[in-house]
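Asker: If you scroll down you'll find the structure; I have some questions about it.
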Amino acid sequence: MSEVLMDMQNLAKHFTLAVNFLGKPTAVLKAVDDVSFSITKGEAFGLVGESGCGKTTLGKILVNLYSPTSGKIFFAGKDLTVLNAEQRRAYCKDIQMIFQDPYASLNPKMTIGDIIAEPIIINRLLPKSQVEERVIYLLNCVGLARHQRNRYPHEFSGGQRQRVGIARALAVEPKLIVCDEPVSALDVSIQAQVLNLLDDLQAEFGLTYLFIAHGLNVVKHISDRVGVMYLGKLVEIAPKRELYANPLHPYTQALLSAIPVINPAKKKERIILQGDVPSPINPPAGCRFCSRCFKELQQCQLNAPLLQEVAPEHWVACHLFGAVKA
Amino acid sequence: MLLEVKGLSTEFKLKRGIVKAVDNISFTIDKGEILAIVGESGSGKSVTSLSIMGLLQKPGRIAGGEILFKTQDLNKLSQKELQKIRGNKISMIFQEPMTSLNPVWRIKTQIMESIRTHLQVSQHEALERTIAMLDTVGIPSAAQRANDYPHQMSGGMRQRVMTAMALACEPELLIADEPTTALDVTIQAQILELLYRMREKFHMAVLLITHDLGVVSEAADRVIVMYCGKIMEEADVRTLFSTPLHPYTVGLLQSIPQLDADSDERLYMIKGMVPNPLNMPPGCPFSDRCDHSMQRCSQEMPQLQDIAGHKVRCFLYEGGVRVK
Amino acid sequence: MKLKQISPLDKNLLQAAEYVEKPESQLRAMWDTLRQNKAAVVGLFIIGCLVLIALTVWLSELLGKQILPYDPNYSDMSKSFVWPNATHWFGTDQLGRDLFSRILDGTKISLFVGVAAVALSLTVGVILGAIAGYRGGRTDAVIMRLMDMMLAIPSILLAIAFMAAFGKGLDKAIFAIGLVSIPEYARIVRGSILAVKENDYVQAAKIIGNRPRRIIRKHILPNVISVIVVRATLGISTAVLDTAALGFLGLGVQPPFAEWGDMLGRARGFIFTAPYTLIFPGIAITITVLAFNLLGDGLRDALDPKSRIK
């Protein structure tokens, strides 16, 4: 279980939004800034954060939609960042993605059978004669009826489309699937169906997930470890039980407390954060959370805390825990 | 009693047939009460709010029923008379605050305009009131931010502005249609807290439309669960969450991943999906997804019955007791 | 074989009774919507008639048979300026040629030049626009600035300059008219591609390992094709007008070919003595342009998925 599948080291992605007349950048959006963590084979790693925290950007770097500004990505021990486009494409087969919006992630001009068959055909994974059989098998895996494979996406509901998206990702037998908020656009009763499906598929195919979500309650169900991001930085990583039982970073505490409890008799004391997430274009110096933090120390505004292990496997980036090792 | 909806039905006439988006629903809202209507997409919850506001777009139309605001039937008023009530006695906030604010005007201009169309006040008074209102909804340095344009504000700030605008004329009823759906969790908590505070302050009633049972549990006094245009269950919030009766409500509650539950079990799932509105089963609309479905469920429609103030539409509770 | 074998148990399952739904025809759905738009159906009907006329005239010419009431190029000076009557329905022109026959004959030229010019500008424009839109960056800047330069010159002026440089004639007219509308197609295609490119399914196509050329061909172009089809239909009407304008200026198709613009141009001195020599070619141009515009507008509605849902 402890074999590392994907290891990210000091990963960063900066978007240049404006340049001056000499071509020097004047506004840089640091979507992902110096993030390091690793995903173990067979686990589901939950990545949580609010909009603009860089979680989706990080996911897109892993599937090669963006190339990182700096940092290294080791996949099964191999550095992906030094490969050229053609060599990198060979790894498509191993890292796939499931998208948030089931209405935008399927080509409306292709039948769902063709959508699922496409990754097999372009990567030449099976002889032509076996493609159709495989498509039926995949439809079966995700709980769709085989006779529907000649239909177009607009004839399906959101939940069914999400299943097609999952089948497409499964078609190449990937090792890692980046799930970018796969249930947040779905109705409550359908969310549970899709989450359970992802659970079953993980067991059946031995998949590893990077599960991106904005709420801590959804990832709680599916993930083994959880990382919390805020403004491009990873602020806390811990095994699931540890994180939910003993959240250390003030932001994690606030996120947990913001989740409405499905029990009106048990109204809890709630931490309500003041203000909004600052713009990632001009993040606060020092700790990025200090403008909203309710436990702010003097040094928080001055220097950024580093991610350090404060308990076994529990990492947190906060000055409340230990001194900064420079 | 502030608002009483009696037998409201709203239809959409499409080429392929008539969709009954809202089918004969009745409910009331008292002064100062927060009533939540919860349902999934296609349940008719938003159409209900649009019907009350008289904002239905073609091909939708109210096919029957009364919407009594105090004693006035809103359905019988002309658009002009409705205009007077809308934004004044009844206001609305929407899911996507950006599309409801005009991008070319400063926010103070928009709020002042809404004040001055309904109240006889001077320009100066309207401005004062605007700034006071922005301050109340928690916008820091309100006098300066009042000069901003909508795009200069974040999503949470815009929703506050929308709320300020809606509350500027001190309405008696606020209809909030998915007010927090487009917002982040930490911002959602802020807005819900704001709604609660405003209710205390202005003593208005709120009709909260949402798909999120968490939001309902946090904010509402009473809950209506809608499914396929029908009311399936209605109860005060504590009763509904502690003893839900309808299998649909029970299923919904169980299928939400909860923080305090042991998370390694499988989630409960409601099987299947919402039936096609053009091809509704003759009986209970939930019958083909229900774990307790009986033969008669798919043949006849159960009535909404009142069991000591807890209303439920299900054959399991005929005669006021649960039949097994 | 690079994928795992499907287990025998699952295989049995897959061999269960086979029943597959037929794919819904997208053309069919489009036609169903188009049919409901009366104006578009009228446009389509007129275009059908025009094409039929053009084909018949062209075929009969090939076979050396005369289908038209008179030889459109046969001049009988003794019969010049005959007002419309039972034998000459539209009258005769200054050289005594039968106007009705000439107008029917002109259909062939107008449609051919219109379609050919659009085909030319469409091909070049779509390729340029697709490259600019998909690649972005410097490629985009170079291509689009070039297009902007072309757009800065009035198109008819550009066409005239082209004809002046390369001489008159049918082929050159097609080139000139096609050339001047390239920027328009390039811009429309680029704009649509920029919009479609943002969709998750294009990103998904990248992730599963598609190469850029296939992404454009399979995932982007099919989703902008409706915009292109609408634009091309409307473009034919512009091309028909441009042809007539060149003809009117004496730069287009050369006599003795009957061409509507050319007929107008040569008859303009007789506007008071024989107005019908201008009116009938004018009506022919108007009807053709109108028909393509009606069809184009109808197609826009039929191909827009938002309006098709209703």
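Listed in order, the protein sequences are those of chains A, B and C. For the first sequence, the residue numbers in the working numbering are 65 to 390. For the second sequence, the residue numbers in the working numbering are 436 to 759. For the third sequence, the residue numbers in the working numbering are -11 to 298. Cβ coordinates follow ideal geometry from the N, Cα and C atoms, glycine included.
Taking 7 Å as the cut-off, decide whether the C-beta atoms of B/Q530 and B/A654 are in contact.
Answerer: It is not a contact, given that the beta carbons lie outside the stated cut-off.
Asker: Going by DSSP, what residue range makes up the beta strand (DSSP E) through A/C382?
Answerer: Segment: none, A/C382 is in no beta strand (DSSP E) and carries neither H nor E.
Asker: Spell out a yes or no on whether the region 347 to 364 of chain A and the region 577 to 585 of chain B are touching, meaning 3 or more CB-CB pairs, one atom from each, closer than 8 Å.
Answerer: Segments in contact, no.
Asker: Restricting to Cα atoms, I'd like to know which of A/R289, A/V341, A/K173 and A/V252 is closest to B/P692.
Answerer: The option with the nearest alpha carbon to B/P692 is A/V252.
Asker: Suppose contacts are defined by Cβ-Cβ distances below 7 Å. Is B/H727 in contact with B/P682 by that definition?
Answerer: Yes.
Asker: Tell me which same chain residues have a C-beta within less than 6 Å of the C-beta of C/L116, skipping the five on either side of it?
Answerer: I131 and A174, listed in sequence order.
Asker: Considering only C-alpha positions, which residue in the set A/P132, A/N84 and A/V112 is nearest to A/D97?
Answerer: The shortest Cα separation from A/D97 among A/P132, A/N84 and A/V112 belongs to A/P132.
Asker: Look up A/K77 in the DSSP assignment and say whether it is helix, strand or coil.
Answerer: Strand.
Asker: Is DSSP giving B/E668 helix, strand or coil here?
Answerer: Residue state, collapsed to three classes: strand.
Asker: So, is B/K505 buried or exposed, given that buried needs 16 or more other C-beta atoms within 10 angstroms?
Answerer: Under this definition B/K505 is an exposed residue.
Asker: At what residue ranges does the region 120 to 144 of chain A contain a whole run of the beta strand (DSSP E), taking only runs of 3 or more?
Answerer: 134 to 139, all fully within the region 120 to 144 of chain A.
Asker: Can you check whether the C-beta of B/P692 is within less than 7 Å of a C-beta belonging to chain A?
Answerer: Closer than 7 Å to some Cβ of chain A, the Cβ of B/P692 qualifies, so yes.
Asker: Enumerate, from N- to C-terminal direction, the unbroken beta strand (DSSP E) stretches of 3 or more residues contained entirely within the region 580 to 666 of chain B.
Answerer: With a minimum length of 3 residues, the continuous beta strand (DSSP E) runs that stay inside the region 580 to 666 of chain B are 608 to 612, 640 to 645 and 657 to 662.
Asker: Less than 7 Å between C-beta atoms, sequence neighbours within five positions excluded: which residues of the same chain meet that for C/A233?
Answerer: Hits under 7 Å: I144 and G249.
Asker: Using 8 Å for Cβ pairs, my map puts B/I705 next to B/S690. What's the rounded Cβ distance?
Answerer: Indeed, because the Cβ distance is near 6 Å, the residues count as touching under 8 Å.
Asker: Within the 7 Å Cβ cut-off, does B/Q579 reach chain A?
Answerer: It does not; no Cβ of chain A falls within 7 Å.
Asker: Give the DSSP-derived three-state secondary structure of C/A5 in the structure shown.
Answerer: For C/A5, the predicted structure reports a pLDDT of 49, less than 50, and the residue's modelled location is therefore unreliable. A value from the coordinates is still provided. Coil.
Asker: At least one CB of chain B closer than 7 Å to the CB of A/I162: is that the case?
Answerer: No, no contact with chain B.
Asker: Is A/A390 helix, strand or coil when you go by DSSP?
Answerer: Low per-residue confidence applies at A/A390: pLDDT is 38, beneath 50, and the placement is therefore not dependable, though the value from the model is reported in the following sentence. Looking at A/A390 - three-state DSSP - the assignment turns out to be coil, as it is neither helix nor strand.
Asker: Is it true that the CB of B/V685 sits closer than 7 Å to the CB of B/V672?
Answerer: No, these two residues do not count as a Cβ contact at 7 Å.
Asker: Quick one, are the C-beta atoms of A/N346 and B/R701 less than 7 Å apart?
Answerer: Against a cut-off of 7 Å, the Cβ pair of B/R701 and A/N346 comes out as no contact.
Asker: Using 7 Å as the limit for Cβ to Cβ distance, is C/Y122 near chain A?
Answerer: No - not a single Cβ of chain A is within 7 Å of the one on C/Y122.
Asker: Between the C-alpha atoms of C/G238 and C/R254, what's the straight-line distance to the nearest angstrom?
Answerer: Their backbone Cα atoms lie some 8 Å apart in a straight line.
Asker: Mapping DSSP to helix, strand and coil, what is C/L237?
Answerer: Reduced to three states, the DSSP call for C/L237 is coil.
Asker: Answer with yes or no whether the minimum CB distance from A/I186 to chain C is below 7 Å.
Answerer: So, interface residue.
Asker: Within this structure, are the beta carbons of A/I162 and A/I230 separated by less than 7 Å?
Answerer: It is a contact, given that the beta carbons lie within the stated cut-off.
Asker: Just grab the DSSP bridge partners of B/Q740 for me.
Answerer: In DSSP, B/Q740 forms a bridge with B/V747.
Asker: Nearest CA to the CA of A/A322: which residue from B/S535, B/N582 and B/L627?
Answerer: Among B/S535, B/N582 and B/L627, the Cα nearest to that of A/A322 belongs to B/L627.
Asker: Return the CA-CA distance between C/G299 and C/R16, expressed in angstroms with no decimal places.
Answerer: Only positions -11 to 298 of chain C appear in this structure, which leaves residue 299 of chain C out of reach.
Asker: Hey, could you find the ends of the beta strand (DSSP E) B/N459 is sitting in?
Answerer: B/N459 -> beta strand (DSSP E) spans G452 to I464.
Asker: Short of 6 Å in beta carbon distance, which residues of its chain neighbour C/V112, apart from the five on each side in sequence? Order them along the chain.
Answerer: The residues are I170.
Asker: If you draw a straight line from the alpha carbon of A/V325 to that of B/D458, how long is it in whole angstroms?
Answerer: If I take the Cα positions, the gap works out to 31 Å.
Asker: Using a 10 Å radius around the Cβ and a threshold of 16 neighbouring Cβ atoms, would you call A/S134 buried or exposed?
Answerer: Exposed is the call here.
Asker: Taking only heavy atoms of the ligand ATP into account, decide whether any of them is closer than 6 Å to the Cβ of B/D583.
Answerer: What this structure holds is no ligand at all, so the ligand ATP is not there to describe.
Asker: Could you check the C-alpha separation between A/S66 and A/V242 for me, to the nearest Å?
Answerer: So the alpha carbons of these two residues sit roughly 19 Å apart.
Asker: Using only alpha-carbon positions, find the residue among C/I224, C/I(-6) and C/L283 that is nearest to C/L110.
Answerer: Taking only the C-alpha atoms, the option nearest C/L110 is C/I224.
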